[in-house]
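Novice: Can you read through this structure? Questions will come right after.
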Amino acid sequence: MSQHDPLSLPIIQAGELQKSSGYWRSLEELANTAEFHQYLHREFPPGIDQPTETSRRDFMRLMGASLLLAGATGCEFKQPLEKIVPAARLNAYRVPGTANYYTTAMDFAGSAVGLTVQARQGRPIKCEGNPLHPSSLGSTGIFQQAAILDLYNPDRLSTPLHHGEPASKKQFTIALKALADRCDADEGSELGIVLGTTTSPTVRRLLDATIERWPNATWCAIDSSGKSVSSNTAYVYDLTNANAIVSIGADFLSGRDWPPCYVRQFADARRIVGSQSKESPENVEMAALHSLGSAPSLTSAKADNSLIVKPSAVGQILIELATRFDLSIPSKILNTFDRQPLSKRWTSWIDSVEQDLKRNGKSSVVIVDPGMPRWIQLLAIELNAHLDAFGKFVRMIDSPTVQSSRPFLLRKNLIVLSEEPTRSPNCAKRFKEAEYSILLSQHGNASLNPTWTIPQSHFLETWSDARAHDGTPSIIQPLITPLYESYSDVELLSMLINDSESGYQSVRKTWKSELGNEDDDKRWETALATGIIKQSPPQAISPQVLKEDIFKHLEETQSDIQNRKQSLNDYEVTILPDPTVWDGRFANNGWLQELPKPLTHIVWDNPAWISPSDASRMQLQNGDIVRLNASDRNVKIPIWIIPGQPPGSITLFRGSNHIQSASVSRDVGFDVSQLIGIQRVRVEPTGQHHQIVTTQHFQLMEGRHLARSGTLSEYQQNPKHPEFAHPPSPLPEASVYPPWEYDGHKWGMTIDLTACVGCSACVIACQSENNIPVVGKTQCNMNRHMHWIRVDTYYKGPVEAPTQTLHQPVPCMQCEHAPCEVVCPVAATSHSDEGINQMIYNRCIGTRYCSNNCPYKVRRFNFHDYSNDFISSPVMELLSNPEVTLRSRGVMEKCTYCIQRVENARIQSHVRGQPIQDGDIQMACQAACPAEAIRFGDLNDPASQVATAANHPLNYGLLEGLNTKPRTTYLAEVRKGMGRA
Amino acid sequence: MKKDLIPQDASYESVTAEVTDLVLRRPIRTGWMLSFFMGLVLLNVLLVSIGWLFTYGVGIWGINIPVGWGLAIVNFVWWIGIGHAGTLISAILLLLHQDWRASINRFAEAMTLFAVACAGLYPLLHLGRPQYFFYMIPYPATTGMWPQFRSPLIWDFFAVGTYATVSLVFWYLGMIPDLATMRDRSKSLWKARVYGALALGWRNSAQHWYHYKRTYLILAGIATPLVVSVHTTVSWDFSVSIVSGWHSTIFPPYFVGGAIFCGFAMVLVITIPLRRFYNVKDLVTAKHLDNMAKVMLAAGLTVSYGYLMDAWAAWYKNEPFDSYIYSNRFVGPYATCFWALVLCNCVIPQLLWFPWFRQNTLALFAISVIINIGMWLERFIIISLSLHRDHLPSSWAMYYPTVWDWLLYAGTFGLFLSLMLLFLRLLPSISIYEMRESLSEVKEEQG
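Following this line, the structure appears as C-alpha cells:
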C-alpha cells in the first residue's frame, strides 16, 4: 500500500511513550498522538490520497480500519486521575452502558447551586439539581442546565496564547515563575489580582496566602457591570411559611441570580394541590405576593398585586409605605426627596400592601434586591424589623462571595482570573493599560491584548469549592479531565504562589480541618458524595449592625436621588443582565440564545423594552431602531413594546458585549454596556429597522379558556367544582374508536399553574436530555424552533398595565384520542400500551400531517439537517445523550415523556425485583422545575401524586372541548386576589 | 343540433385528414417550437427545484410549524382538480350520450393525465424523507409493518393511484382505432411500425368494434365514480382532521364542484388557443365552447354555494375556533386573498349568464384563466390559512412561500406544457372515429 501505514506499530508506540499515566486500556487511548488525531479527522488515511497502486486486499484492509476507527473519533476524554466519588444513591462503579451520577456545584452570581451530574462512560451529559443542597433543593435554573453545553463548546480556547500566538503550558509555567520572582523582589507592589464574583473558600485562602507572601499585592473582585464586590452582608430568606411577601425590585422568582430554592419556597407557600397541610379547601392559606419594580419581570407577573413604576418612583412609594407603618425615616432621606403627588394606581398598591401586612401581622416579609440603593435597603430593613421578620423569614449573614480587599487599583502586573470583569468597558479599558497581564478566559479576548491568555477550565473539569446562598459550602469535583490545556482560577493562583500544588491539593488543604488530611478520606468522600459540607449555619448579623453600616454611607443617597431628577423628555433607564445570556458569559451558548426570553419570547436578540404608549407617541413598531443619547455616549438599539413597562422608562439588557471569536454569538444582540451607570437617556428614532424574532407572536387568549386562573376566594366558594377551572362547555364523549385499556401502567403528567413561574428551566432541561438541536435565528424566524416543551405567556387586562400575566408550559399532551395518530399514513406515531404517544423516528416519512392535526402544536419538524448542523465539531458529539436518537432531516419529533427514563426505571425495577414506585421516574422537565409544578407518574395508581392531582377539582385539560382527552393536564392557577381589578 | 358540432362540408375523408395531417403531414411550426422550448425551460426549472429540494430538504420552502402544508399541497389539490374535467367529459358525458364531447374528449383526457402526473409529483416531493415513500405501499415486510389504514393520506394514495391508472387506460383505449388510422396513413415505414405497435393489431373488423365498444363503455362506467371519488378522497385529507376550517362535512361535494369548475376552465384555456393556432375551428366549434361555459357556470354556482354554507355552518355552530377562522379569512392578514377568491370564483363567472361572454373566445379565455387563479386561491386559503391560526394563539404564525415554492410550481407547468405539446405533435388529438360516427349520424338524419 503506502509507505506510511496509519496503523503501524511505531505510531502507537510513540503514543505509548508519551503517556505518563502508564496503563492503557484501549487502542484509542494508547495511540494518543497528534498524528493519530490527524488521522482520525481526515476523511482518508494518509497515503491513500497519493496515487499508488492499491490492491483489493489493501483496500479492504483500509476500509476495515476506517470503519473500526470511525467510532473512535473524538475519544480523547477521561475521568480525572484523583478519585471522584459518585452520589451515594447509585452504583459506585463505572458500568459500561449505564449512567453514573456525581455531585458538584456551579458557582454563579454570588451563590452556588449544587448539582448532580450524569456521566456516561466518563463524559458528563446532563446536569440535575442536588436535593441535599440548600440553594438547589433538587432543581436547577436555566444556567445550570445549559452549563454542560459550554463544556463542549468548540470555540473554547485550547492552548495558552502569548501575545495572541499559541504557546505551550511549559512556557507559561516559566513565565509565571518569572512573575513570582519579580513579585518577590518588590513584595508584590506591582501585582494586582482581579476576580469576578466567586464564593470559593479556596480562592479566598489562596488570595490570603498571596498577600502573606507579597504583602503589597492587592486583589479586587469586580462584577460584570464593573462594580467592585464589596457588600459584606447577604440576605437569606425563608418564604415557605410567610403569608404576605413584598418584593422591592427583587426578581426572586426568576430562578437566575436568585437561586432556584426561592421559587420552591414561594411555590410551597402557595401550593394547594399536593400540599400536606392544606387538605381541606376551606382552610387553605396562601401567601400573597406584592411586587414593586421598575420593569416587568417573572416576579411581577406572578404577583397578586404588582406595581411597575419608573426607577425613580420606587423609593418614593417605599417611603409612602413606611410612613403608613409610622417608621422613623432618616431626615437625610426625607429632606432630599421632593415628593410627587401619588397616582391612583400607586395609592391602591400601597393600600393593598398596608392592609395585607397589617392583617397578616407577624407573618410577612419584605424582599429587597441587593442591587437597590442603600437607602432603599435601609427602608426594607426597617420594614422587616417592624414586621418582626428577622430570624423567622429573613436572616443576614456574612456574604458568601469573596470581597475586594480594596478598590480597583491598576498595577503593572495584572492577573485577571475571570472573564466577568472584562465585560465592563470601563474595566476593560483599564486592563489594557497594564504592562503585563494574564487573562484566564474560556474564549480568549484579543481586544484586551493581554500578554498571556490562558484557557479557563470549565467547572466540570476542575477541583474547587463554593458556597450556597446561605453559606453552606460544597466541593466542586470534576467529572472529566480538562479537554484542553486549561487552568482553573484555583490552579493558577496556587501555581503562582506555590508551583507544586494541584487544584485537588489546594482544595483539600482548605478543608483540612473539616474534612481531614489527604490520607484520611472518610469525611472527604462523604462531602463529595453528598455534595455539601455539613457545618453549623453561619452567624446571623443583627440588623442593627447593618443599619449602622448603611447610615455611614447615607450621603450617597443624596446624589442618588439628585441623579434621578430629570427633565421631561428623558427616559429613565434600567439596565438588567440579559435573562438568557446573563452578563454575556452565556452568549456563546446556543441553547440559551435560542431559549425564548421570559414574557417576550424573543430569541437571539436583546431589544430595549418600551411602553406601548411611548411607542405609539413616537410611532415606533417592534424592531425599529432608536438611538439612546446620554451626554457623551450613544447606543443604537431596536425596541420592543411590552405590556406593563412604565411610560417614560426604558429597560435594557446587557450581555451582548461581544467576543468576536465566538461563533454562536457573532453579530447577535446590541451592546449596551457603555450605558451602564447612566440613569437617563434621550430616545431618538432613526428610521432603521432590525428583524427581531419571537417564538410567540400572540399573547392574548382570544376568549379561549387556555391558561385558566381564579382567586382563592372563588376557589373556596366552590371547591368541588371551581367555575374558573371548568367554564361551561359541552364535552363530547363519543368516539368511533373503542377506549384504550391499560392493564399495567398508565403514565400521566399534571402541570400546576399555581406553582409555575415561567422560568423556562424545563425547556433547557428537555433540550439537554433529548438532544434537541439549536436551529439559529433565521430558522426561528420561520417558526421552526425545536423545543419540545414551551412556556406560553398570556396577558389579561389593559396593555399598559396588564392585570394578569399567565404562564403555561406546553409539552405533548399524549392525548387519549390523539389526532396525530390517526392521520399518520405509516404508523410512525402510535399509542403505547402505557398510554404514551410514541414517535418511531425510523418509520417517519415526514408528511407533517400529524403536526397540522395537533391542536397544541407541540410537534417539531426537522426541516433541515438540524442535528448534524448543530454537532458542528467532534467534541460536540460528547454532549449527546446516548439514550435518545438523533433525528435526521425530514423527521417529525416531539415530547415522548422521556421514554428513556421510563424504560430505565423499568430495567431498575426488574433488577431489583420490585415494582416501579411513585416518584421513581422523573421527567427531565419535572426534575429541573424549581417550583415542583410538574408531576409525573402512574395514573393507574390511585395513591400516586399525579393521580391525586389529576383527580383534583382544579384539574382541567387544555382544549378539552376537542375531545382529544389529553393525558397531560393542568391545575388551574389560584391567586390570592387583592379585590382589585 | 348535431350539425353545429361538425363542419358543414365535412366528409369522412376530410375529418380523418384534418386530424391525422396535424401529426403526419404538416411541418413542425415555429409556434410549436417556441412553445416547446418554453416548456423545456420550465421543465428544467422543475428539475433544478427538485434537485435543490433533495439536496437541502423541504426546509427550502416557507412551511413552518403551524403551517405544515404549503404550496406543495395547494398545487397538488389544484392540479388534481384540473385533472377532473378530462374524465368527466369522457366518461360521464359518454354515459349521458352527450355527443358534443367527441371533438374535445381526447385532449381533455390527455390534459387529465398530464395534470395528474404534475399533481402526483407533489405528495412525493413534499415528504420530509421522500426516499421512504414506499412505506405507504402495503407490502409484506420483515418489520411486519403495514400502512396505517385509518389515515386519509393512505386513502388518498390509493385514490390518486387508481385514478391515474384508469385515466391512462381509458385514454389509451379510446385512442386505439385512431392509432390504427395513423398507422394506415403513415408514409414512412418506421412511423407505421410505431403506430402499428401502439394500435395493438386493430383491423377495424366488426368483431373488434363490438368488443371495443363494450370495453369502452365498461371503462367509462368504472371511471365515472372515480371522478367523484378522487376529489372526495382528496377532500377527506382535510375534513377528517380536527383543524378548524378543514373539519367540515361539506368538503366532498364542494371539492368535486370546484374540481369540475377549474377543470373545465383549464380545458377552455387549452382549447381556445389550440383551435386558433391549429385551425380546427370547424372541429371544435363555438357550440362546444358555449356548452363548456355553461357547465362552468353551473359548477361555479355550486362552489359559491359551498362557500356560503361553510361560512354559515361556522357561524351556526357558534364555536369559537371555527368562527375565528372565518373572521380571520374576512379581515385577517390574508383577507386580500379571500376577497380576490370571491371576485374570481363567485362574481366574475356570473358574466357567463350572458351569451356574449360565452361566445367571445377572448372573454371566455380571460374568464377561464381568472377561474383557475381563483381556484388556486381557494386551495391556498383552505389549506394554509386554516393552519396559520388554529387553536392556540401562542402558536399562530404567518406563512410566506419562498422562491423555491414558486419555482416548483412553475416547473410543473413546464412538465404539463411539454407533455401536452408532445401529445399534440405525436398523437391524434381529436377522436377521429367518433367524429366520423357523428358525421354518419348527421348524414342519416339528413337522409
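Protein sequence lines, in the order shown, are assigned to chains A and B.
According to the numbering used here, the residues represented by the first sequence are 8 to 988, in order.
According to the numbering used here, the residues represented by the second sequence are 20 to 466, in order.
Ideal Cβ positions, reconstructed from N, Cα and C, are used throughout, including at glycine.
1. Is there a C-beta anywhere in chain B that falls below 9 Å from the one on Thr800(A)?
2. From which residue to which residue does the beta strand (DSSP E) around Pro462(A) run?
3. Could you check the C-alpha separation between Thr184(B) and Asp309(B) for me, to the nearest Å?
4. Taking only runs that begin and end inside the stretch 248-329 of chain A, name each unbroken beta strand (DSSP E) of 3 or more residues, in chain order.
5. Per DSSP, which residues does Asn636(A) bridge with? Please list them.
6. Within 9 Å (strictly less), CB to CB, does Arg148(B) reach chain A?
7. For the beta strand (DSSP E) holding Gln990(A), just list the boundary residues, first then last.
8. From the DSSP output, in three-state form, read off Lys399(A) for me.
9. Rounded to whole angstroms, how far is the Cβ of Leu143(B) from the Cβ of Phe152(B), which I believe are closer than 8 Å?
10. Residues of chain B with CB under 8 Å from Arg894(A), in chain order?
11. Would you check if the stretch 393-407 of chain A and the stretch 537-548 of chain A touch, i.e. whether three or more CB-CB distances between them fall below 8 Å?
12. Starting from the beta carbon of Lys309(A), find every residue of chain B whose beta carbon is closer than 8 Å, and list them in chain order.
13. Output the residue ranges of the alpha helix (DSSP H) runs that lie fully inside the stretch 111-181 of chain A and measure 4 residues or longer, sorted by chain position.
14. From the beta carbon of Pro85(B), is the nearest beta carbon of chain A less than 9 Å away?
15. Rounded to a whole number of angstroms, what is the C-alpha to C-alpha distance between Leu37(A) and Leu490(A)?
16. Pick out whichever of Tyr154(B), Gln465(B), Phe373(B) has its Cα sitting closest to the Cα of Ala312(B).
17. Terminal residues of the continuous alpha helix (DSSP H) containing Trp395(B)?
18. Any chance the stretch 393-409 of chain B sits against the stretch 350-368 of chain B, with 3 or more Cβ pairs inside 8 Å?
19. Please name the residue in Leu813(A), Lys529(A), Glu776(A) whose C-alpha comes closest to that of Asn888(A).
20. List the residues of chain A that Val77(B) touches, going by C-beta distances under 8 Å, in chain order.
21. So which residues on chain B does Glu709(A) lean against when the C-beta distance must stay under 8 Å?
22. Rounded to whole angstroms, what's the CA-CA distance from Ala36(B) to Ile101(B)? Just pull it up for me.
23. Given a threshold of 16 other Cβ atoms within 10 Å of its Cβ, counted over all protein chains shown, does Gln347(A) qualify as buried or as exposed?
24. Just how far apart, CA to CA, sit His116(B) and Leu446(B)?
25. By the 10 Å Cβ neighbour count, where 16 or more other Cβ atoms means buried, how is Val688(A) classified, buried or exposed?
26. Could you tell me the distance, in whole angstroms, from the CA atom of Asn98(A) to the CA atom of Asn107(A)?
27. Got a sec? Which residues, its chain only, sit under 8 Å from Leu760(A) by beta carbon, not counting five neighbours each side?
28. Helix, strand or coil, according to DSSP, for Gly538(A) in the structure here?
29. For chain A, check one thing: does any of its Cβ atoms lie closer than 9 Å to the Cβ of Leu172(B)?
30. Return the chain-ordered list of same chain residues with a C-beta closer than 6 Å to the C-beta of Lys468(B), the five sequence neighbours on each side being excluded.
31. Using the Cα positions of Leu183(A) and Gly81(B), report the straight-line distance between them to the nearest angstrom.
32. Give the DSSP-derived three-state secondary structure of Gly676(A) in the structure shown.
33. Considering only the alpha carbon of each residue, which of Ile241(B), Met194(B), Ser205(B), Tyr231(B) lies closest to Ala218(B)?
34. Taking only beta-carbon positions, decide if Gly81(B) is within less than 9 Å of chain A.
35. DSSP on Asn391(A), reduced to helix/strand/coil?
36. I'd like to check one pair, Ser238(A) with Ile229(A): are the Cβ atoms closer than 9 Å?
Specialist: If we stick to the structure as given:
1. yes
2. Start and end: 459-462.
3. 31 Å
4. 251-255, 295-300, 312-315
5. Asn641(A), Arg689(A)
6. So, interface residue.
7. Chain A is shown only over 8 to 988; residue 990(A) falls outside these bounds and no answer can be derived.
8. coil
9. 5 Å between Cβ atoms; contact.
10. Within chain B, no residue comes near Arg894(A); the closest Cβ sits about 10 Å away, beyond 8 Å.
11. yes
12. The contacting residues do not exist; Lys309(A) stays about 19 Å from chain B at best.
13. Those alpha helix (DSSP H) runs which fall completely within the stretch 111-181 of chain A and span 4+ residues are 149-158.
14. yes
15. Bear in mind that a pLDDT of 48 at Leu37(A), under 50, signals an unreliable position, so the number given afterwards is only what the model happens to contain. C-alpha separation (whole angstroms): 17 Å.
16. Selected option, being the one with the closest Cα: Phe373(B).
17. Counting along the chain, Trp395(B) sits inside the alpha helix (DSSP H) bounded by residues 380-399.
18. Inter-segment contact for the stretch 393-409 of chain B and the stretch 350-368 of chain B is present: three or more beta-carbon pairs are separated by less than 8 Å.
19. Glu776(A)
20. Gly853, Phe870, Gly897
21. Pro339, Tyr343, Pro412
22. 30 Å
23. exposed
24. If you take the alpha carbons of His116(B) and Leu446(B), they lie about 25 Å apart.
25. When all chains shown are included, Val688(A) counts as buried.
26. Bear in mind that the predicted position of Asn98(A) carries a pLDDT of just 48, short of 50, making it too unreliable to give a figure here.
27. Excluding sequence neighbours, Leu760(A) sits near Ala714, Arg715, Ser716, Leu813, His814, Gln815, Ala940, Tyr977, Leu978, Ala979, Glu980.
28. coil
29. Residue contact with chain A for Leu172(B): present (Cβ-Cβ distance below 9 Å to some residue of chain A).
30. This structure cannot settle anything about residue 468(B), because the visible part of chain B is limited to 20 through 466.
31. Distance between the alpha carbons of Leu183(A) and Gly81(B) is about 57 Å.
32. Here Gly676(A) sits in coil by DSSP.
33. For Ala218(B), the closest C-alpha among the options Ile241(B), Met194(B), Ser205(B), Tyr231(B) is that of Met194(B).
34. yes
35. helix
36. no
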